Amino acid sequence: MTQVVLWCGVALLGGLGAVARFTVDKAVSRRVSSSFPFGTLVVNVSGALLLGFLAGLVLPPHVALLAGTAFVGSYTTFSTWMLETHRLAEERQLWSALGNIVVSAGLGVGAAWSGQALGGLL
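First residue of the sequence shown? That's 1 in my numbering, and the numbers climb one at a time after it.
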């Protein structure tokens, strides 16, 4: 695989990951009206599951770069997670802010582990 094809794949899959993130976040947020960022939570936990699954498959390096870094990397969002946690804290929703950190990290680690275990079975 040439470098040009690889980087075109990164750009394409990165764009698709960002669109998928936006779509999932909005779909969840429309169904759950809450100040808690459930859309970002669903995106990040599902992204951790997918990345764990890909790791369990033990993919060739160029495929791992395209699938893991390009797609999943642009699908998940650390910056939005932290911005939304900060917003909750600024609005004095301290339990929600703390819950966002603890639940996201806990579910994310569990999802990554589960995805890796599942991928390892294939």
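Each residue gets a CB set at the ideal place from its N, CA and C atoms; glycine is no exception. Keep in mind it's a predicted model, so treat the numbers as computed, not measured.
Classified as exposed, L98 has fewer than 16 neighbouring CB atoms from the shown chains inside 10 Å of its CB. Membership of V19 in the alpha helix (DSSP H) is indicated by the continuous run Q3 to R31. Going by DSSP, S104 is part of the alpha helix (DSSP H) stretching over L94 to L121. Rounded to the nearest whole angstrom, the C-alpha separation of T69 and W7 is 12 Å. The DSSP-derived three-state label of T77 is coil.
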